[in-house]
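Peer 1:
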Amino acid sequence: MQFAQYCTQYGKSHDMMAPFMANSRRNGLMFPEGYWYQHRPEQLTVEDYLAARWIAKPANLFDNDIPIMVSGAYLFTTAERAKDMKQKPVYVLGHSSSRGKPRSLTPTLAEVQAETGSSGKKTLEAAGITSADLSFENLYDGFALFHQFHVEGIGYRGMKFGDALDFYQTDISIEGKNPISPSGGNVGSGRSRFWMHTDCIQQIQGRAGARSLTGVKPEIGVSGGPMPMGGNFTIWSATPD
Numbered sequence: 015m016q017f018a019q020y021c022t023q024y025g026k027s028h029d030m031m032a033p034f035m036a037n038s039r040r041n042g043l044m045f046p047e048g049y050w051y052q053h054r055p056e057q058l059t060v061e062d063y064l065a066a067r068w069i070a071k072p073a074n075l076f077d078n079d080i081p082i083m084v085s086g087a088y089l090f091t092t093a094e095r096a097k098d099m100k101q102k103p104v105y106v107l108g109h110s111s112s113r114g115k116p117r118s119l120t121p122t123l124a125e126v127q128a129e130t131g132s133s134g135k136k137t138l139e140a141a142g143i144t145s146a147d148l149s150f151e152n153l154y155d156g157f158a159l160f161h162q163f164h165v166e167g168i169g170y171r172g173m174k175f176g177d178a179l180d181f182y183q184t185d186i187s188i189e190g191k192n193p194i195s196p197s198g199g200n201v202g203s204g205r206s207r208f209w210m211h212t213d214c215i216q217q218i219q220g221r222a223g224a225r226s227l228t229g230v231k232p233e234i235g236v237s238g239g240p241m242p243m244g245g246n247f248t249i250w251s252a253t254p255d
């Protein structure tokens, strides 16, 4: 419902999500642990996306991530201990949690934007950076129609509310200067909610393989979600400050 309001308010359309969806599947097909890589190595084309049946309009089949069985684990320690470990350490510059309370069961677009704007501001302040310092982003995308709320809320690449769908029409690939969701996220790798964190770590460590960013140097990334009205967000960095 918030996405429908979004399109009405800013004069956008569901079709404008197509480049983001194709890009996410492409990136997901380069994530060896992912569902699509392992079981259905099928590139999603713009035409596929536009022709997909509606599940709950304006969300179609591909806007809904695919449930899978998977687990992940991360090792956290002090910066002092991490410097001597086998893998290059990745530092947590800051993190935040958001728990917005809408007036009713379904939040309005205004409530979603107020909350994502607040959570984005808190996350950046916790890390002591601005959105201009972000090399890349891996914010929540499953459901896919939530992603633009998060990237606009944190102001990725200077985005304001209403800018994301136009941004998707530009070069958002891992080869470009403005990479979007290099992990492939949940829609590109299967619903786990941890692809985004893993990719941030691997990009900064230089272990992302075929997904490695080439248009920018991966020094600072952000991951997190899930819901626009509540989630947990982390800023990852190649250096401790």
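With the sequence shown counted from 1, adding 14 to any position gets you my numbering.
Ideal Cβ positions, reconstructed from N, Cα and C, are used throughout, including at glycine.
Please read all numbers here as calculations on a predicted model, not as lab measurements.
Evaluate contact between the stretch 208 to 227 and the stretch 150 to 158, counting only Cβ atoms and requiring at least three cross-stretch pairs below 8 Å.
Peer 2: The answer is yes - the stretch 150 to 158 touches the stretch 208 to 227, with three or more Cβ pairs under 8 Å.
Peer 1: Check whether the stretch 214 to 234 and the stretch 57 to 72 touch, using three or more Cβ-Cβ pairs below 8 Å as the test.
Peer 2: They do not touch, by the three-pair rule.
Peer 1: Cβ of G108 within 7 Å of Cβ of A73?
Peer 2: Walking along the sequence shown from the start, residue 108 turns up at place 94. Walking along the sequence shown from the start, residue 73 turns up at place 59. No, these two residues do not count as a Cβ contact at 7 Å.
Peer 1: DSSP state of V106, grouped into three classes?
Peer 2: Taking the first residue of the sequence shown as position 1, residue 106 is located at position 92. Of the three classes helix, strand and coil, the one that applies to V106 here is strand, per DSSP.
Peer 1: Kindly list the residues whose CB is nearer than 7 Å to the CB of R40, restricted to its own chain and excluding five residues on each side of it in sequence; keep chain order.
Peer 2: For the purposes of this step, residue 40 is taken as the residue at position 26 of the sequence shown. Closer than 7 Å at the Cβ level, and outside the excluded window around R40, lie Q57.
Peer 1: Roughly how many whole angstroms lie between the Cα atoms of S206 and C21?
Peer 2: By one-based count along the sequence shown, residue 206 stands at place 192. By one-based count along the sequence shown, residue 21 stands at place 7. C-alpha separation (whole angstroms): 28 Å.
Peer 1: Taking all protein chains shown into account, do 16 or more other C-beta atoms lie within 10 angstroms of the C-beta of A93, making it buried, or fewer, making it exposed?
Peer 2: Position 79 of the sequence shown holds residue 93. Exposed is the call here.
Peer 1: In angstroms, rounded to a whole number, what distance separates the CA positions of S195 and S110?
Peer 2: In the sequence shown, counting from the first residue as 1, residue 195 sits at position 181. In the sequence shown, counting from the first residue as 1, residue 110 sits at position 96. One C-alpha to the other measures close to 20 Å.
Peer 1: Are there three or more Cβ pairs, one per stretch, closer than 8 Å when the stretch 27 to 40 is compared with the stretch 180 to 190?
Peer 2: They touch, by the three-pair rule.
Peer 1: Three-state secondary structure (DSSP) at G86?
Peer 2: Residue mapping note: residue 86 aligns to position 72 of the sequence shown, counting from 1. Here G86 sits in coil by DSSP.
Peer 1: Output needed for G48: all residues of its chain with C-beta closer than 8 Å, excluding positions within five of it in sequence on either side, in chain order.
Peer 2: Taking the first residue of the sequence shown as position 1, residue 48 is located at position 34. Counting only Cβ-Cβ distances below 8 Å, and skipping sequence neighbours, we find G42, G198, G202, S203, G204, W209.
Peer 1: Out of Q217, Q127, S251, state which residue places its alpha-carbon closest to the alpha-carbon of T228.
Peer 2: Position 214 of the sequence shown, counted from the start, is the residue given in the question as residue 228. Checked all of Q217, Q127, S251; the closest Cα to T228 is Q217.
Peer 1: Is the beta carbon of M241 sitting closer than 7 Å to the one on T120?
Peer 2: Stepping through the sequence shown from its first residue, residue 241 is reached at position 227. Stepping through the sequence shown from its first residue, residue 120 is reached at position 106. Not a contact, by the Cβ cut-off of 7 Å.
Peer 1: Along the chain, where does the beta strand (DSSP E) that runs through F150 open and close?
Peer 2: The sequence position of residue 150 within the sequence shown is 136, counting from 1. Looking at the DSSP string, the run of the beta strand (DSSP E) that includes F150 is 150 to 153.
Peer 1: Whole alpha helix (DSSP H) runs in the stretch 167 to 202 with 4 or more residues, listed along the chain?
Peer 2: Entirely contained in the stretch 167 to 202, the alpha helix (DSSP H) runs reaching 4 residues are, in chain order, 178 to 181.
Peer 1: What number of angstroms, rounded off, separates the C-alpha of P193 from the C-alpha of R95?
Peer 2: To locate residue 193, count along the sequence shown from 1; it is residue 179. To locate residue 95, count along the sequence shown from 1; it is residue 81. Each residue's alpha carbon lies about 32 Å from the other.
Peer 1: According to the Cβ coordinates, are G167 and T137 closer than 7 Å?
Peer 2: Along the sequence shown, read from residue 1 onward, the residue named residue 167 stands at position 153. Along the sequence shown, read from residue 1 onward, the residue named residue 137 stands at position 123. No, the pair does not count as a contact, with Cβ atoms beyond the cut-off.
Peer 1: Tell me whether G231 is buried or exposed, calling it buried when 16 or more other Cβ atoms sit within 10 Å of its Cβ.
Peer 2: Looking up residue 231 in the sequence shown gives position 217. Per the sequence shown, residue 231 should be read as Lys rather than Gly. Under this definition K231 is an exposed residue.
Peer 1: One question on the structure: do F157 and D77 come within less than 7 Å of each other, judged by their Cβ atoms?
Peer 2: Residue mapping note: residue 157 aligns to position 143 of the sequence shown, counting from 1. Residue mapping note: residue 77 aligns to position 63 of the sequence shown, counting from 1. In this structure, D77 lies closer than 7 Å to F157 by Cβ.
Peer 1: Can you tell me which of the three DSSP states V165 falls into?
Peer 2: Within the sequence shown, the letter at position 151 stands for residue 165. Helix.
Peer 1: Buried or exposed: where does I188 fall if 16 or more other Cβ atoms within 10 Å of its Cβ makes it buried?
Peer 2: By 1-based counting over the sequence shown, the position of residue 188 is 174. Buried is the call here.
Peer 1: Using three-state DSSP, classify F17 as helix, strand or coil.
Peer 2: Your numbering for residue 17 matches position 3 in the sequence shown. DSSP places F17 in helix when its eight states are reduced to three.
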